[in-house]
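A short worksheet on the structure shown next.
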Amino acid sequence: MNPEKKELVDKSKIPLFGNLSKFRNKIVTVVFTNNVKITGILISYDYTSNLILEKYNKWEYGKRVLCLGRSLSLISLGSSTIM
Numbered sequence: 180m181n182p183e184k185k186e187l188v189d190k191s192k193i194p195l196f197g198n199l200s201k202f203r204n205k206i207v208t209v210v211f212t213n214n215v216k217i218t219g220i221l222i223s224y225d226y227t228s229n230l231i232l233e234k235y236n237k238w239e240y241g242k243r244v245l246c247l248g249r250s251l252s253l254i255s256l257g258s259s260t261i262m
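Residue numbers (this note's numbering): 180 to 262.
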């Protein structure tokens with residue numbers, strides 16, 4: 180394998196939002212690229228920043244929802260106070 184190509188592959192595995200472990204099992208607000216905001220409890224995530232949120236207060240999405248990392252623009256700790 181070409182060393183230059185290997186470097187590109189490694190860079191592609193860098194998480195979009197860094198270390199999300201401090202947000203796990205806490206209330207987070209997620210803003211998507213289409214400006215939709217949802218608030219839930221962060222249950223799980225992976226290295227591509229796909230998130231699983233659990234219901235918090237009232238929402239119409241069922242008990243849990245999968246948020247695809249490529250559609251996220253912001254993750255904030257706490258309830259929706261984003262302008």
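Glycine is no exception: its CB is placed at the ideal position from the N, C-alpha and C atoms.
For clarity, every value in this text was computed on a predicted model and none was experimentally measured.
Within 10 Å of its beta-carbon, does residue i have 16 or more other beta-carbons around it, so buried, or fewer, so exposed?
| i | result |
| --- | --- |
| L167 | One cannot answer for residue 167 here, as it falls past the ends of the chain, which runs 180 to 262. |
| V207 | buried |
| V188 | For V188, the predicted structure reports a pLDDT of 46, less than 50, and the residue's modelled location is therefore unreliable. A value from the coordinates is still provided. Counting Cβ neighbours within 10 Å, V188 comes out exposed, since fewer than 16 surround it. |
| V209 | buried |
If contacts are defined as beta-carbon pairs under 8 Å, then residue i and residue j qualify, I think. What distance do you get, rounded to the angstrom?
| i | j | result |
| --- | --- | --- |
| L221 | N198 | With a Cβ gap of about 12 Å, L221 and N198 do not count as contacting. |
Could you give the distance in angstroms between the alpha-carbon of residue i and the alpha-carbon of residue j?
| i | j | result |
| --- | --- | --- |
| T160 | S258 | Look at the range of the chain in this structure, 180 to 262, and you will see that residue 160 is not part of it. |
| K242 | N213 | 22 Å |
| S223 | L232 | 7 Å |
| L245 | D225 | 11 Å |
| R249 | W238 | 22 Å |
| Y240 | K216 | 12 Å |
| Y235 | I254 | 15 Å |
With distances taken between CB atoms, is the gap from residue i to residue j smaller than 8 Å?
| i | j | result |
| --- | --- | --- |
| L256 | F211 | no |
| S228 | F196 | yes |
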